[in-house]
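Trainee: Dropping a structure here in structure tokens format, bear with me for questions.
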Amino acid sequence: MERVYVVGHRNPDTDSVCSAIGYAHYKAEVEKKKQFIPARCGELTNEALFVLDYFKVRPPIFLETLEPTVEDLELKDPIFVSPDTPVYDVAMLMEGKGIKNVPVVSRGKMVGVVTESNLARVYVRRLKIEPLVIHPVPLEQLVRVLKAEVVCDHLKEKTISGKVHIAVDALHVLLGKIEIGDVVIVGDNEPSQIALLEKGAKLMIIVNNAPVSSRVLEIAKEKGAAVLRVKFDAFGAAKLINLALPVTLVMSKKFPTVTKRDTLEDVKNIVFTSKLRAAFVEDEKGKLLGVITRTDLMKDVRKKVILVDHNEITQAPEGVEKAEILEIIDHHRLGGLSTLNPVFFYNEPVGSTSTIVTEFFLRDGVKMEREIAGVLLAGIVSDTLFFKLSTTTEKDRAMAGFLARITKLDLEKFAKKVLKEGMKIPENVDPLDLLKRDVKVYEMGEDSFAVSQIMTSDFSVLLKEKEKFATALKSLKGELGVTHCFVLFTNPIEEASLVMVEGDQRILEKAFDGAEKKDGLFLLKGVMSRKKDFVPRIGDILRRER
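For the sequence shown, my numbering assigns the number 4 to the initial residue and increments by one for each residue that follows.
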């Protein structure tokens, strides 16, 4: 089934997370032949975690990048063998399936790989007429590989091991070499057959379909031995005995492995530099999932994605340029994100992407479960600060009311719980980490600026750490490579924001003429929405001063 990831912006806020979950569920209902997977490309905020736990909804999966990964390949079930599989069976498997590498798997985990080179070495390993050594092999396995007829079997132990002798020497010489329990390959020579059994041969292999006398059978019974008959000559039988050995004796124990999250770019480097020209896919527990060859990597593979709550390249997940964008659902300004193919692009100036997703459910009569209604409601409440932001529309209020009825929640009480979680600042948190949690970058020609926003119910708590935040803001500006960097400390209760800037302060003075100062920061009353109250005014000043 084709997978499509529904993913929000970097540093995902509650609306980004909740709209991704909601839209994935909506799409799954209207396009049942595809699998829609809610995803995220950053850590979840305390507020988002609270919402997901409140409604017992699984968090979106984490995608480090939208670059194509192993997971995007259509991996076939791997063809593998167990450690006790005879080399002969592996050779037949390779020939029958047209493959060059066969994994050896024990208890689900790969322990080795058999290659064509391994098989070639086995087949030409012994060119001299000298004793071979057979490692423990079940008699039935030997019979099958040799395509032998079991003339008699009086063995107590059905496992064969020891030296293998080919009866080409004079009998007295061979009798001097043989030990009890060995294997002998012999032709149509009754005296030799009897003498070898008397000396203690455990298994006798008679070649060229030669006859076996009743006397030989009597001796074999008396000595507790087995006699096989094959159609091959002596040297053909000896070679096949080699192929009856278990693959563990010939396999390579070094092999390249990858995980489903590895990018195809990295996998290409591994495969094309490996002698095997392949890589083996394992899960986090080491279970073999599949095999990747050069042929797999020749295909044009891209992640199929739907972007929600953003449409700017600076806010999109890493690797978005290597993904196939199918749709964009947003409520922000146009950000110049380009695509190779036409896409469905829905942008509406409302307070929350969750509002738009709810509207789609209603428009198409798609049934909505309580938990989905709950996360969408939280998305609206969070992104509008419970309708206090200037971006709030009547549609946001209407959709929130509709969702509240489905969830049977007291909207005001629920909103207070959500926003309370959003304004919690963990103790001993690194100010730089706090700034990065909700930061957006904007391009204005040659200028660029970043705006971080931190919600708080008490300005004084943040003012105590003013110097630390100033240092962190300077670091953030350097990391992002922007011309100006701002942080808005927004207090929904006071309906105002304190602003700190790293860059040219005159931009703020011009954008918000007459703004009062508080402890060295700009106090902007009524400024609560980054996208509507703050960014347009900063952008306007930068545009005018180009």
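Here a beta-carbon is modelled for each residue, glycine too, at the ideal position from N, C-alpha and C.
How far does the alpha helix (DSSP H) with C21 in it extend, from its first residue to its last?
Mentor: In the sequence shown, residue 21 corresponds to position 18, counting from 1. Element bounds for C21: T17 to V33.
Trainee: Can you list the beta strand (DSSP E) stretches of 3 or more residues lying completely in the stretch 458 to 507, in chain order?
Mentor: 487 to 494 and 499 to 505
Trainee: Hey, could you find the ends of the beta strand (DSSP E) Q38 is sitting in?
Mentor: Taking the sequence shown and counting its residues from 1, one reaches residue 38 at position 35. It spans K37 to R43 - the beta strand (DSSP E) in which Q38 sits, taken as one unbroken run.
Trainee: Can you tell me whether M301 is buried or exposed? The criterion is at least 16 other CB atoms within 10 Å of its CB, across all chains shown.
Mentor: Your numbering for residue 301 matches position 298 in the sequence shown. Label assigned to M301: exposed.
Trainee: Can you tell me the Cβ-Cβ gap for L252 and H138, rounded? I've got them flagged as a contact below 8 angstroms.
Mentor: Taking the first residue of the sequence shown as 1, we reach residue 252 at position 249. Taking the first residue of the sequence shown as 1, we reach residue 138 at position 135. Yes, L252 and H138 are in contact; Cβ-Cβ is about 6 angstroms, under 8 angstroms.
Trainee: Roughly how many whole angstroms lie between the Cα atoms of V7 and F364?
Mentor: Locating residue 7 in the sequence shown gives position 4, where the first residue counts as 1. Locating residue 364 in the sequence shown gives position 361, where the first residue counts as 1. For V7 and F364, the gap between their C-alpha atoms comes out near 19 angstroms.
Trainee: Could you tell me which residues DSSP puts in a beta bridge with F515?
Mentor: Here residue 515 refers to the residue found at position 512 when the sequence shown is read from its first residue. Partner(s): none; F515 has no beta bridge.
Trainee: Taking contact to mean at least 3 C-beta pairs separated by less than 8 angstroms, is the stretch 352 to 364 in contact with the stretch 43 to 55?
Mentor: They do not touch, by the three-pair rule.
Trainee: Going by DSSP, what residue range makes up the alpha helix (DSSP H) through M95?
Mentor: For the purposes of this step, residue 95 is taken as the residue at position 92 of the sequence shown. Where M95 is concerned, the enclosing alpha helix (DSSP H) stretches over V90 to K100.
Trainee: Could you tell me which uninterrupted alpha helix (DSSP H) segments, each at least 4 residues in length, are contained entirely in the stretch 330 to 416, listed from first to last along the chain?
Mentor: 356 to 367, 373 to 387 and 397 to 410
Trainee: Scan the stretch 152 to 209 and note each continuous alpha helix (DSSP H) run of 4 residues or more that stays entirely inside, going in chain order.
Mentor: Counting whole runs of 4 or more residues, the stretch 152 to 209 contains the alpha helix (DSSP H) stretches 174 to 180 and 193 to 202.
Trainee: Compute the Euclidean distance between the alpha carbons of D333 and T356, then round it to the nearest angstrom.
Mentor: For the purposes of this step, residue 333 is identified with residue 330 of the sequence shown, where counting begins at 1. For the purposes of this step, residue 356 is identified with residue 353 of the sequence shown, where counting begins at 1. The alpha-carbon atoms of D333 and T356 are separated by roughly 6 angstroms.
Trainee: Could you tell me the distance, in whole angstroms, from the CA atom of V346 to the CA atom of R124?
Mentor: Along the sequence shown, read from residue 1 onward, the residue named residue 346 stands at position 343. Along the sequence shown, read from residue 1 onward, the residue named residue 124 stands at position 121. Distance between the alpha carbons of V346 and R124: 55 angstroms.
Trainee: Just tell me which of Y57, G101 and V116 has its CA closest to the CA of V84.
Mentor: Here residue 84 is taken as the residue at index 81 of the sequence shown, counted from 1. Checked all of Y57, G101 and V116; the closest Cα to V84 is V116.
Trainee: Using a Cβ-Cβ cut-off of 7 angstroms (strictly less than) and excluding sequence neighbours within five positions of V20, which residues of its own chain qualify?
Mentor: For the purposes of this step, residue 20 is taken as residue 17 along the sequence shown, with counting starting at 1. Contacts found: G11, R43, L47, A51 and P63.
Trainee: Let me check understanding here. Comparing Cα to Cα, which of F39, R366 and L66 lies closest to E330?
Mentor: Counted from its first residue, the sequence shown places residue 330 at position 327. Comparing Cα-Cα distances from E330 to each of F39, R366 and L66, the minimum goes to F39.
Trainee: Could you pull the start and end residues of the beta strand (DSSP E) that V215 belongs to?
Mentor: As a working note, residue 215 is residue 212 in the sequence shown. Run containing V215: none; DSSP gives neither H nor E here.
Trainee: Would K242 count as contacting chain B if we go by Cβ distances under 8 angstroms?
Mentor: Although the question refers to chain B, the structure presented lacks it and comprises just one protein chain.
Trainee: Tell me the rounded alpha-carbon separation between E119 and K103.
Mentor: For the purposes of this step, residue 119 is taken as residue 116 along the sequence shown, with counting starting at 1. For the purposes of this step, residue 103 is taken as residue 100 along the sequence shown, with counting starting at 1. If I take the Cα positions, the gap works out to 6 angstroms.
Trainee: So what does DSSP say about V124, is it helix, strand or coil?
Mentor: For the purposes of this step, residue 124 is identified with residue 121 of the sequence shown, where counting begins at 1. The amino acid at residue 124 is misidentified as Val; the sequence shows Arg. Residue state, collapsed to three classes: helix.
Trainee: Measure how close the beta-carbons of P558 and M95 come, nearest whole angstrom, since I'm counting them as under 8 angstroms.
Mentor: Summary: the structure shown does not reach residue 558, with the chain confined to residues 4 through 549, and so no result is reported for it.
Trainee: Is the stretch 439 to 448 close to the stretch 501 to 520, with three or more CB pairs under 8 angstroms?
Mentor: They do not touch, by the three-pair rule.
Trainee: Based on Cα-Cα distance, which residue from L220, V140 and E182 lies nearest to H157?
Mentor: Position 154 of the sequence shown, counting from 1, holds the residue named residue 157. Per the Cα distances, L220.
Trainee: Please look up how many angstroms separate the CB atoms of D236 and V210, rounded, as I've assumed it's under 8 angstroms.
Mentor: For this step, residue 236 is matched to residue 233 along the sequence shown. For this step, residue 210 is matched to residue 207 along the sequence shown. Rounded, the Cβ-Cβ distance is 5 angstroms, consistent with contact.
Trainee: Go ahead and pull the three-state DSSP assignment for K79.
Mentor: Looking up residue 79 in the sequence shown gives position 76. Here K79 sits in coil by DSSP.
Trainee: Using DSSP's beta-bridge definition, name the partner residues of I295.
Mentor: Taking the sequence shown and counting its residues from 1, one reaches residue 295 at position 292. DSSP lists A282 as partners of I295.
Trainee: Comparing C-alpha positions only, which one of G111, P214 and L199 sits nearest to P86?
Mentor: For the purposes of this step, residue 86 is identified with residue 83 of the sequence shown, where counting begins at 1. Out of G111, P214 and L199, G111 has the C-alpha closest to the C-alpha of P86.
Trainee: For K245, report the span of its alpha helix (DSSP H) as first-last.
Mentor: Sequence index remark: in the sequence shown, residue 245 carries index 242 (1-based). Note that residue 245 is Asn in the sequence shown, not Lys. Counting along the chain, the alpha helix (DSSP H) containing N245 begins and ends at A237 to L246.
Trainee: Given this structure, state the Cα-to-Cα distance separating S532 from E512, to the nearest angstrom.
Mentor: For the purposes of this step, residue 532 is taken as the residue at position 529 of the sequence shown. For the purposes of this step, residue 512 is taken as the residue at position 509 of the sequence shown. Spanning the two alpha carbons is a distance of roughly 18 angstroms.
Trainee: What does DSSP give as the partner residue(s) for A453 in the beta ladder?
Mentor: By 1-based counting over the sequence shown, the position of residue 453 is 450. Per DSSP, V444 and C488.
Trainee: So which of L142, H335, T17 and R549 has the shortest CA-CA distance to P539?
Mentor: Within the sequence shown, residue 539 is the residue found at index 536, counting from 1. The residue with the shortest Cα to Cα distance from P539 is H335.
Trainee: Between the stretch 302 to 322 and the stretch 271 to 291, do three or more beta carbon pairs fall short of 8 angstroms?
Mentor: no
Trainee: Based on Cα-Cα distance, which residue from A31, L145 and K535 lies nearest to T395?
Mentor: Here residue 395 refers to the residue found at position 392 of the sequence shown. Among A31, L145 and K535, the Cα nearest to that of T395 is on K535.
Trainee: Which term fits N2, buried or exposed, when burial requires 16 or more other beta carbons within 10 angstroms of its beta carbon?
Mentor: What the structure shows of the chain is the stretch from 4 to 549, and residue 2 is not part of that stretch, so it cannot be assessed.
Trainee: Give the DSSP bridge partners of K302, in chain order.
Mentor: Taking the sequence shown and counting its residues from 1, one reaches residue 302 at position 299. Its beta-bridge partners do not exist; DSSP assigns none.
Trainee: Would you mind working out which of K419, G190 and G184 sits nearest D172, comparing C-alpha positions?
Mentor: On the sequence shown, position 169 is the one that residue 172 refers to. If we check each option's Cα against that of D172, G190 comes out closest.
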